[in-house]
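Number of protein chains: 2
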Amino acid sequence: MARSVEFNEEEAIQKAMNVFWEKGYNGASLRDLTDAMKINSSSLYNTIGDKHELFIRCVKYYTDIRKRDLDRRLKSHKSSFEVLVEYINESVESIIGKENSCMAIKTAFEVATNDQRVKDILKADSDYAYRFLHSLISKSIEEGKISKKEDPELLADYFISTWTGWNEAYLLHKDPVKIRKMGQYFIKLISG
Amino acid sequence: MARSVEFNEEEAIQKAMNVFWEKGYNGASLRDLTDAMKINSSSLYNTIGDKHELFIRCVKYYTDIRKRDLDRRLKSHKSSFEVLVEYINESVESIIGKENSCMAIKTAFEVATNDQRVKDILKADSDYAYRFLHSLISKSIEEGKISKKEDPELLADYFISTWTGWNEAYLLHKDPVKIRKMGQYFIKLISG
DNA sequence: CATATTCTGAAATGATCATTTCAGAATATG
DNA sequence: CATATTCTGAAATGATCATTTCAGAATATG
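Heads up: the protein sequence lines correspond to chains A and B, in order.
Residue numbers for the first sequence follow this note's numbering, so the first one is 511 and each next one is one higher.
Residue numbers for the second sequence follow this note's numbering, so the first one is 511 and each next one is one higher.
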């Protein structure tokens, strides 16, 4: 017997996420956040919690989207190798297509060292991508598309690392050709 | 005919750098900084300038140290390939040996998108490392230690990217074995 | 050694920060 | 439709922020 929450929580989280994404955790003020979310701070504190809790929710929201994307790819009817190559190519294009770098990476370097909860979320995200890649690479080896000499564990780690670096390279140099070249090189590398 | 500055500017910059390194630009307060520098804020504003100017000086200080390290390596009497391999191995060990990630990378992801001056310093730093690697790889090809089929431009970019990613991987997983394995893989890759 | 100049320390500044309070508006339930 | 309950908006809170002010201490120069 009472009023119910007026704002759409998911929409609000998404808008807050964009603010954190652009300004970082410490760079985003609560005013920036509530302005974007179009809610009053009392509503925020009543429902989601404080700034840190909101941030956790936003990081989680971001990694959940990525998780769903990987799950979708695994359900594809294409061969594992095709899914893998497509993923690599789209990862390259996603860097080039955005003004800003990946939020998980930005967050890792800004706050993960001093924030265990954030670190755990990002570690889980990284582990999920690792298992995704590991599985595709292993199956590609079975398919005969990647040499049996290659090590799926190493290649999975290697791609994740490389991809992080591509984000920094594009952030600093804004040179799409460089990033695409590196993407092609990685594909050639695993292809034989 | 007047008093001269009492504090050692380089020492103060170094101490401020460590604070920014740990907490980030937005996470470090002026109190944190002046406490570490052991100077009063009026002295800071009289000599160096405001927080942003201090940060610029700190980032510059950090990249200057890296520049000197690369210059030193180029003067070595060993073969280019040996210098290159040593640099890769020491890059790996420098990640594993520290609690915190490389300051240039942290800064790139925290503020470079919204701060042109910082971005320019980091871009120059990245360009310097690129030329360093490019030169060593080219000479290694001449020495016959790296295949003529390899592209020095690509490999230089690739190593810088990979190294950035190793920083994130170690930050999240704290697994030295993973990083060393990737370092060995890269060396094997260029060795033919 | 006198003094003009500059540095330093403490305190003040005013803006902004995250968070809380609370009156009144809204509404789910009986 | 009455009302108990919960939400919302505006304002208040007190802490902290970066930066400035200024009196007095320090000292380089003549």
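The C-beta atom is built at its ideal place from N, Cα and C for all residues, glycine as well.
Residues A679 of the same chain have their beta carbon placed closer than 7 Å to that of K688/A, with the five preceding and five following residues left out of the count. According to the DSSP assignment, D581/B belongs to the alpha helix (DSSP H) that extends over K561 to L584. A522/A carries a helical assignment under DSSP once its states are collapsed to helix, strand and coil.
V593/B and F565/B have their C-alpha atoms some 32 Å from each other.
Residues of chain B with a Cβ closer than 8 Å to the Cβ of N528/A do not exist; the shortest Cβ-Cβ separation is about 14 Å. By the Cβ rule, the segment 523-531 of chain B does not count as touching the segment 635-647 of chain A, because fewer than three pairs are nearer than 8 Å. Secondary structure note for R513/A: it is in no alpha helix (DSSP H), with a DSSP letter that is neither H nor E. Here the C-alpha atom of K561/B lies approximately 29 Å from the C-alpha atom of G675/A. E660/A sits in coil when the DSSP states are folded into three classes, being neither helix nor strand. When DSSP states are grouped into helix, strand and coil, H683/B belongs to the helix group. Judged by DSSP in its simplified three-state form, H587/B adopts coil rather than helix or strand. I651/A and P662/A do touch by the CB rule: their CB atoms are close to 7 Å apart, below 8 Å. Taken atom to atom, the span from the alpha-carbon of K585/A to that of S551/B is near 59 Å.
A direct Cα-to-Cα measurement between E603/A and R690/A gives close to 8 Å. For I558/B, there is no enclosing alpha helix (DSSP H), as DSSP marks it with neither H nor E.
Within its own chain, the residues whose Cβ lies closer than 7 Å to the Cβ of H644/B, once the five positions on either side in sequence are excluded, are P662, E663 and A666, listed in chain order. Across the segment 627-647 of chain B, CB contacts with chain A closer than 8 Å involve K629, L632, K633 and S636, in sequence order along the chain. When secondary structure is reduced to three states using DSSP, G534/B falls in the coil class, being assigned neither helix nor strand.
Residue I606/B holds the alpha-carbon nearest to the alpha-carbon of D685/B among K570/B, R567/B and I606/B. For W673/A, the closest of F696/A, K577/A, L682/A and S648/A by C-alpha to C-alpha distance is F696/A.
Chain A has a Cβ within less than 8 Å of the Cβ of A618/B. DSSP places I647/A in the uninterrupted alpha helix (DSSP H) bounded by Q626 to E652. Annotated three-state conformation of S551/A is helix, per DSSP. Residues of the same chain with a CB within less than 7 Å of the CB of I558/B, apart from the 5 flanking positions on each side, are L564 and R567 in chain order. Residues of chain A with a Cβ closer than 9 Å to the Cβ of T623/B are, in chain order, E532, E609, N610, S611, K616 and L681. In the three-state scheme derived from DSSP, where H, G and I count as helix and E and B as strand, S539/B is classed as coil.
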